[in-house]
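Below: the structure, in structure tokens.
Protein chains: 2
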Amino acid sequence: MFRLLAERGASTRPQLGEVLGLSRPTLSAAIAELEEAGLASKVGELQGALGRKAAVYRPGLNAGHVFAIDAGSTHIRLRVSTTDRRLLHSRTYRLPSSQFFLGEEISRAVADEVAAALVESDPAWGPLQAIGIALPSRVVGPQGDTAATRQEAIFSCFDPPADIPIVLENNVNCAAVAEHSNGIARDHETFAYVQIGFKIGMGIMLDGKLLRGRNGAAGEISHLAFPMANGVRPVPGEIEHYMGAEALMQRVAREWPQSAGAPPEDAATLMKRAAEGDVTALTHVERHAEDIGAIVASCVSMVDPGLVVLGGGLGANPLILPTVHEVANRLSYPVELRTSSLGQDATVLGIEKLATAHVVNLILGEAKI
Amino acid sequence: MFRLLAERGASTRPQLGEVLGLSRPTLSAAIAELEEAGLASKVGELQGALGRKAAVYRPGLNAGHVFAIDAGSTHIRLRVSTTDRRLLHSRTYRLPSSQFFLGEEISRAVADEVAAALVESDPAWGPLQAIGIALPSRVVGPQGDTAATRQEAIFSCFDPPADIPIVLENNVNCAAVAEHSNGIARDHETFAYVQIGFKIGMGIMLDGKLLRGRNGAAGEISHLAFPMANGVRPVPGEIEHYMGAEALMQRVAREWPQSAGAPPEDAATLMKRAAEGDVTALTHVERHAEDIGAIVASCVSMVDPGLVVLGGGLGANPLILPTVHEVANRLSYPVELRTSSLGQDATVLGIEKLATAHVVNLILGEAKI
DNA sequence: CTATTATGTTAGGCAGCCTAACAAAATTTT
DNA sequence: AAAATTTTGTTAGGCTGCCTAACATAATAG
Numbered sequence: 002m003f004r005l006l007a008e009r010g011a012s013t014r015p016q017l018g019e020v021l022g023l024s025r026p027t028l029s030a031a032i033a034e035l036e037e038a039g040l041a042s043k044v045g046e047l048q049g050a051l052g053r054k055a056a057v058y059r060p061g062l063n064a065g066h067v068f069a070i071d072a073g074s075t076h077i078r079l080r081v082s083t084t085d086r087r088l089l090h091s092r093t094y095r096l097p098s099s100q101f102f103l104g105e106e107i108s109r110a111v112a113d114e115v116a117a118a119l120v121e122s123d124p125a126w127g128p129l130q131a132i133g134i135a136l137p138s139r140v141v142g143p144q145g146d147t148a149a150t151r152q153e154a155i156f157s158c159f160d161p162p163a164d165i166p167i168v169l170e171n172n173v174n175c176a177a178v179a180e181h182s183n184g185i186a187r188d189h190e191t192f193a194y195v196q197i198g199f200k201i202g203m204g205i206m207l208d209g210k211l212l213r214g215r216n217g218a219a220g221e222i223s224h225l226a227f228p229m230a231n232g233v234r235p236v237p238g239e240i241e242h243y244m245g246a247e248a249l250m251q252r253v254a255r256e257w258p259q260s261a262g263a264p265p266e267d268a269a270t271l272m273k274r275a276a277e278g279d280v281t282a283l284t285h286v287e288r289h290a291e292d293i294g295a296i297v298a299s300c301v302s303m304v305d306p307g308l309v310v311l312g313g314g315l316g317a318n319p320l321i322l323p324t325v326h327e328v329a330n331r332l333s334y335p336v337e338l339r340t341s342s343l344g345q346d347a348t349v350l351g352i353e354k355l356a357t358a359h360v361v362n363l364i365l366g367e368a369k370i
Numbered sequence: 002m003f004r005l006l007a008e009r010g011a012s013t014r015p016q017l018g019e020v021l022g023l024s025r026p027t028l029s030a031a032i033a034e035l036e037e038a039g040l041a042s043k044v045g046e047l048q049g050a051l052g053r054k055a056a057v058y059r060p061g062l063n064a065g066h067v068f069a070i071d072a073g074s075t076h077i078r079l080r081v082s083t084t085d086r087r088l089l090h091s092r093t094y095r096l097p098s099s100q101f102f103l104g105e106e107i108s109r110a111v112a113d114e115v116a117a118a119l120v121e122s123d124p125a126w127g128p129l130q131a132i133g134i135a136l137p138s139r140v141v142g143p144q145g146d147t148a149a150t151r152q153e154a155i156f157s158c159f160d161p162p163a164d165i166p167i168v169l170e171n172n173v174n175c176a177a178v179a180e181h182s183n184g185i186a187r188d189h190e191t192f193a194y195v196q197i198g199f200k201i202g203m204g205i206m207l208d209g210k211l212l213r214g215r216n217g218a219a220g221e222i223s224h225l226a227f228p229m230a231n232g233v234r235p236v237p238g239e240i241e242h243y244m245g246a247e248a249l250m251q252r253v254a255r256e257w258p259q260s261a262g263a264p265p266e267d268a269a270t271l272m273k274r275a276a277e278g279d280v281t282a283l284t285h286v287e288r289h290a291e292d293i294g295a296i297v298a299s300c301v302s303m304v305d306p307g308l309v310v311l312g313g314g315l316g317a318n319p320l321i322l323p324t325v326h327e328v329a330n331r332l333s334y335p336v337e338l339r340t341s342s343l344g345q346d347a348t349v350l351g352i353e354k355l356a357t358a359h360v361v362n363l364i365l366g367e368a369k370i
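These protein sequence lines map, in sequence, to chains A and B. Heads up: the first sequence is residues 2 to 370, going by our numbering. Heads up: the second sequence is residues 2 to 370, going by our numbering.
Below, the structure is given as structure tokens:
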């Protein structure tokens, strides 16, 4: 009941009753109980076509708010929101230099942003219930081997406020969550999100739940066996060096014909030129799209998600979609392909969703006792 | 309650109560209801260390029995069992010739075996509740596109008894189910089963549930992108031609040194010679183990199951385990490796499990109404 | 102003499960 | 052999969560 209120945001009682399949008297009692606990409050009325106005409810003050932070390699994005995901405050900080790995630079910037957000805090927001952080690192749960991942580096310079639950998740997984809750995959409970950019990664959503895996390594396609052919030995992590934007641009520069002028200096420029019809650029983009298609095909052969959403600096460009689709379907089984719709905000929206869901679980867990 | 009785087999009331967390009065009422409906019956008593004897119950006559059939490419295996998986009858038929695809030969043999089993039928078995068939083919549910798979071929010569539910599942998925319910993966709710033999395939179990995928293609690793390297184009289905026993033996024959005598004529012989210390044989086995390790690594990078069980003619040999383990862990993330423990019976045991589970669901669904 | 429709409340009841107490049947102790 | 202890099973009574039915309230339509 409270969970539904948090997921749907402002809702009338009849709406909640319809979804939950509960009768009006039961709804009445439940709402009264939630209001008593400060977990729901009436925020208005809604007039239907006919009949009496329905009261509209939202999570109450005691439901509080969360900090959602995308600790990215170039930007720190922070959103403060209620448990029903109304934005209260947001801030973005551009890191002085781009970080390949999660380390002290990022940790320090997160600490600064959190401190700044705490200053802005308003009593009308209710209590701070959780801080969610999306990391460019593998993330394992408390039962996993945290020492094996880089995740603890987020705390090297960042000392979170005492007694505030922390929710950590891999940034690609967060983007997948966001595409599910706010983005292009809203209508699918099962899909894969494939990110191709500076780094590569995948997030797998099955029946509305993230697949994390035993070591938090589900979707870590940077460790697919590659190269893989008769007589060659795969090299750990090699596929990321092959598919990443850096390697792509090196190949482009090396093979760029003198007659075509100066080669594009970054992936965005390459994409722009290809979109404008530059044949040389287009050839390279096409070839990369084929490689992405091969990765998608491997994904389909293994988890058969039915839908693959492409994101990341290279992946999010609609230009590559037809080729990726064609190659994936030729190599493997039928799969729909879509381009990510959330852009830069995907990750922070995803961790926001995870953090609010965590808070709802905590509140319900306590309420049960 | 009835589900637990079917899953556990003979159980006392206190045992059921403990698992379900229900009180003795509730248990009493439930058992009485089940006995009334013929779904439970007392089959004995169990004396503990102290105190009164406990009554032991089993699914009753009305729970009936199932046919479980492994429609394999060389053998048809049939098991008749109760819903709590007590074997009532079993038969095995060796096909006159080995079938690469599911077709009329297999369908006809299944029809014959089912007819023969029906003759043996005993009123004490209760009603026939379902026929489960494991197929060497992709299988999709009723909402999927059945025309795209070969699964309907099983009915080309086999006309199942009217009104008996049919449960179809891919044979590799069945083997995975069996390793989970009866085999080496009993203690894991999440794992992958990788079969390497004449063909290759994978079954993925997540939280005790089979991952099937949108097209029933989850785990169809025969369509992993391969070869996959800079400058080569993957070929659909090629990895099965490379990893399968036939291709392996061709490579072995081609590269077999004259000085080492005649090459082994089949995979079993190769394995036997390697186990005996034949260096040439061992080299080939090692190289194949490395390739299997690469596939396992790709699997771990994608779903990170924590445990991979190796099965199939080549995979089930413990000889390859260390190399597969070493390669998989080097290329990817920590994963435990085990050798299948069920051998030839894995598939039929798996479809038996699925068929009985289906029957339990049907009975409970009806009972609810 | 009345009829219709949707929302919200009150009253009463049923299903599922619980605890407490008792009865029954085994073992161990006296 | 009788009494005490332990475990299983039954009976009685009660709580919780939810339901339906009926009524009260508040909006629109005619």
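Backbone N, C-alpha and C fix where the C-beta goes; we use that ideal spot for every residue, glycine too. Note that the structure is predicted; figures quoted are calculated from it, not measured.
{"query": "Counted within 10 angstroms of its Cβ, other Cβ atoms place Val325/A as buried (16 or more) or exposed", "result": "buried"}
{"query": "Reduced DSSP secondary structure (H/G/I, E/B, other) of Gly344/A", "result": "helix"}
{"query": "Stretch-stretch touch, CB-based, cutoff 8 Å, three pairs: the segment 289-299 of chain B with the segment 314-331 of chain B", "result": "yes"}
{"query": "8 Å Cβ cutoff, Gly307/A in contact with chain B", "result": "yes"}
{"query": "Minimum length 3: unbroken beta strand (DSSP E) runs contained in the segment 297-361 of chain B", "result": "308-312, 337-340"}
{"query": "Length of the line joining the Cα atoms of Ala131/B and Leu62/A", "result": "54 Å"}
{"query": "Residue range of the alpha helix (DSSP H) that includes Lys273/A", "result": "268-276"}
{"query": "For Ala163/B, the residue or residues it bridges with in DSSP", "result": "Answer by DSSP bridge pairing: none, since Ala163/B is not bridged."}
{"query": "Leu338/B versus Ala356/B - alpha carbon distance", "result": "28 Å"}
{"query": "Proximal residues of chain B, C-beta to C-beta of Ile222/A below 9 Å", "result": "Ser299, Ser302, Met303"}
{"query": "Cutoff 8 Å; reference Trp126/B; Cβ partners in own chain excluding five residues on either side", "result": "Gly65, His66, Val81, Thr83, Leu89"}
{"query": "Three CB pairs or more closer than 8 Å across the segment 260-272 of chain A and the segment 265-285 of chain B", "result": "no"}
{"query": "Limits of the alpha helix (DSSP H) - the one that Glu46/A falls within", "result": "Glu46/A -> not in any alpha helix (DSSP H); beta strand (DSSP E) instead, spanning 41-47."}
{"query": "The ligand ATP heavy atom lying under 7 Å from the CB of Glu241/A", "result": "Absence of the ligand ATP from the depicted structure is noted, as is the absence of any ligand whatsoever, leaving it without description."}
{"query": "Reduced DSSP category for Asn231/A - H, G, I as helix; E, B as strand; rest coil", "result": "coil"}
{"query": "Chain B contacts made by the segment 32-66 of chain A, where a contact means CB separation under 9 Å", "result": "none"}
{"query": "Buried versus exposed, by CB contacts within 10 Å (16 or more), Phe192/B", "result": "buried"}
{"query": "Sequence-distant residues of its chain with Cβ nearer than 6 Å to Cys175/A (five each side left out)", "result": "Ala135, Thr348, Gly351, Ile352"}
{"query": "CB contact check: Asp227/B to chain A, cutoff 8 Å", "result": "Sequence inspection shows Phe at residue 227/B; the Asp mentioned does not correspond to that position. By this cut-off, Phe227/B is an interface position."}
{"query": "For Leu283/A and Ala275/A, the rounded distance between their alpha carbons", "result": "4 Å"}
{"query": "Inter-residue spacing [alpha-carbon to alpha-carbon] between Ala116/A and Gly238/B", "result": "55 Å"}
{"query": "Neighbour flag for Ala347/A against chain B, beta carbons, 8 Å", "result": "no"}
{"query": "Sheet register partners of Val57/B (DSSP bridge)", "result": "Thr13/B, Gly45/B"}
{"query": "Proximal chain A residues relative to Ala374/B, where beta-carbon distance stays under 9 Å", "result": "Lying outside 2 to 370, the shown extent of chain B, residue 374/B is not represented and no answer is given."}
{"query": "Through-space distance from Leu363/A to Ile370/A, alpha-carbon basis", "result": "Low confidence applies here, because Ile370/A scores a pLDDT of 43, under 50, leaving its location unreliable and the question unanswered by this model."}
{"query": "Neighbour flag for Ser333/A against chain B, beta carbons, 8 Å", "result": "yes"}
{"query": "Cβ-based burial, Ala118/A [other Cβ within 10 Å; buried from 16]", "result": "buried"}
{"query": "Cβ-Cβ separation, Ala230/B to Met229/A (assumed contact under 8 Å), whole Å", "result": "7 Å"}
{"query": "Minimum C-alpha distance to Gln100/A - residue among Pro124/A, Leu79/A, Val120/A, Ile155/A", "result": "Ile155/A"}
{"query": "Assigned exposure category for Ala72/A - 16 Cβ within 10 Å defines buried", "result": "buried"}
{"query": "Neighbouring residues, chain B, relative to Glu295/A (Cβ below 7 Å)", "result": "Residue 295/A is actually Ala in this sequence, not Glu. Ordered by position in chain B, the residues that pass the 7 Å Cβ test against Ala295/A are Ala226, Met229, Pro235."}
{"query": "Interface flag, Ala219/B vs chain A, CB-CB below 8 Å", "result": "yes"}
{"query": "Helix, strand or coil at Gly133/A according to DSSP, with G and I counted as helix", "result": "strand"}
{"query": "Straight-line Cα distance separating Ala246/A from Gly198/A", "result": "5 Å"}
{"query": "Any chain A beta carbon closer than 8 Å to Arg215/B", "result": "yes"}
{"query": "Minimum Cβ-Cβ distance from Leu338/A to chain B less than 8 Å", "result": "no"}
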